[in-house]
Structures are given as C-alpha cells and as structure tokens.
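Colleague: Input: one structure, supplied below.
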Amino acid sequence: WNPAAVARIDYCFGAGWRYLELLPPASLTRIPDVPAEVGVWVYLDGSGNWVIVRLVDATNQTHQIYLGRATGSGWHYLAAPTTGGFHFGGADDGVLHPPLRWESPFLFDSVGASPSPRHVFVGPSALFTPAP
95 WNPAAVARID YCFGAGWRYL ELLPPASLTR IPDVPAEVGV WVYLDGSGNW VIVRLVDATN
155 QTHQIYLGRA TGSGWHYLAA PTTGGFHFGG ADDGVLHPPL RWESPFLFDS VGASPSPRHV
215 FVGPSALFTP AP
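As structure tokens, then:
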C-alpha cells in the first residue's frame, strides 16, 4: 500500500469517556455489498484503546465493529467479522441491510485518560466479501 495514504493522528484524551474518529468524504462512503470482514492497518501506540469501525446500513442502523485493542506497538492489521458487533438506531436488529456506507473507517475509543500527547498512524481499510 501507499505510505502517502497514511494518516498520523495526534491526541491526548482527558478524563472520562473520549474517542476520535476519521470521517471519510461522502464520495468514498458507499459500500454496495455486505462484507464478511472489515479490517484496517494501524500503527499501535500501546495505549490499550479500542480500534473500531462503524458502518451504517440502509435502515440507518449503525454497526460498530470492534477490531481489537492497541496493546502492542508497530504496524498491525486488525480485522473482524461484520456480524455480531454492537448496533444501534435504524432497524436495531443487528442485520446489515445493504447498501451500506462508512460512517468511520477508524474510531479510537479511550480506555482512560492519556495525560501526555500520543499518536497513532492509520493506513488503508479493507472490506472482504465471500467468493460467489
């Protein structure tokens, strides 16, 4: 993948629940089919924060998919099935109703305050669908 497509995110979470997310331009959000798996390349910072993606379906239901925690350091590909994640709004039935759209291809959810500035690098996201 292209290193120029990497985003550096500097952050410092205060006390309480905090998160940050990347929001794609509207022209890049449409996902026509239901992927079996979603993943993202991320340079972890050892913070323990959650790496999450959000997809929104045709009923306006948000599907929040937990890819893992930033417990290590260095580049990692984190991926998870698109089924069984947390969901809210819309049909609120946990089913992905196509077409889908990206709400956030990267969301970093705090597990606690980070009093000193930190940073993560986010690379490309990927969607995998089963072969026909």
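So that you can map any letter, position 128 of the sequence shown is 222 in my numbering, and since no number is skipped, the others follow by simple counting.
By construction, the Cβ of each residue, glycine as well, lies at the ideal position given by its N, Cα and C atoms.
From the DSSP output, in three-state form, read off S210 for me.
Modeller: coil
Colleague: What do you get for L148, buried or exposed, if any count of 16 or more other CB atoms within 10 angstroms of its CB means buried?
Modeller: The identity of residue 148 in the sequence shown is Arg, whereas the question assumes Leu. Buried is the call here.
Colleague: With distances taken from CA atoms, which of A220, F222, F200 and A207 is nearest V214?
Modeller: F200
Colleague: Examine chain C for any beta-carbon lying closer than 9 Å to the beta-carbon of S198, and answer yes or no.
Modeller: Within the model displayed, chain C is absent; a lone protein chain is all it includes.
Colleague: Beta-carbon separation of Y171 and W135 under 9 Å?
Modeller: Between Y171 and W135, the gap from beta carbon to beta carbon is short of 9 Å.
Colleague: Helix, strand or coil: how does DSSP classify S121 here?
Modeller: Here S121 sits in helix by DSSP.
Colleague: CB-CB under 6 Å to A220, same chain, minus the five flanking residues each way: which ones, in chain order?
Modeller: G133
Colleague: Cβ of P129 within 9 Å of Cβ of F222?
Modeller: yes
Colleague: CA-CA distance, V205 and N143?
Modeller: If you take the alpha carbons of V205 and N143, they lie about 5 Å apart.
Colleague: Nearest to L194 by alpha carbon, out of P119, A164 and Q155?
Modeller: Q155
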